[in-house]
Structure formats: C-alpha cells, structure tokens
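Peer 1: Per our numbering, the sequence shown starts with residue 11, numbered consecutively. Submitted below is the structure of interest, expressed as structure tokens.
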Amino acid sequence: MEKAFTKTITVKAKPSRRLLDITGLPEKVVHIYPDGVLDGNGLLRDEYVEIGTDETSRLEKRPA
11 MEKAFTKTIT
21 VKAKPSRRLL
31 DITGLPEKVV
41 HIYPDGVLDG
51 NGLLRDEYVE
61 IGTDETSRLE
71 KRPA
C-alpha cells in the first residue's frame with residue numbers, strides 16, 4: 011500500500027506599491043468626440059447630446 015505525502019506551501023505576499031500623492035499636480039481635461047460631431051468652434055452640434063462620460067486618470071512622465 012502506498013502512502014501519500016502532503017506538504018503545505020505558504021506563498022509570500024508581494025509588496026504593494028505606495029499610492030502616489032497627485033493632489034498638487036496640474037490636471038488637464040480632454041474631451042474626445044467622433045469626427046463630425048463638433049461645430050467650427052469646437053462645441054457639440056445641436057443635433058447631438060452627450061449622454062455619458064468615461065473618466066480616466068493618467069500620470070504623464072517627462073524625461074529629465
């Protein structure tokens with residue numbers, strides 16, 4: 011008769027990165043619309059209505 015051997019393996023948690031404090035950084039808001047939706051002044055045409063937005067935050071990195 012064969013015996014089964016079991017071994018418990020503990021996995022170390024990976025160190026998490028500290029969140030960056032971005033409160034003092036300048037913020038730039040960019041609206042992206044499909045072609046033909048904006049008038050000559052950069053505003054939405056009257057026949058179009060903005061029904062929702064998606065928000066994404068990105069941190070720009072400039073070489074030193």
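Every residue, glycine too, gets a C-beta built ideally from N, C-alpha and C.
If the criterion is Cβ atoms closer than 7 angstroms, does the pair V47 and Y58 meet it?
Peer 2: yes
Peer 1: Pick from G34, P36, L53, E37: whose alpha carbon is nearest that of Y43?
Peer 2: L53
Peer 1: Can you grab the Cα-Cα spacing for the pair T66 / I19, in whole Å?
Peer 2: As the crow flies, the alpha-carbon of T66 is around 39 angstroms from that of I19.
Peer 1: Out of curiosity, what's the CA-to-CA distance linking D56 and D49?
Peer 2: A direct Cα-Cα distance of roughly 9 angstroms separates D56 from D49.
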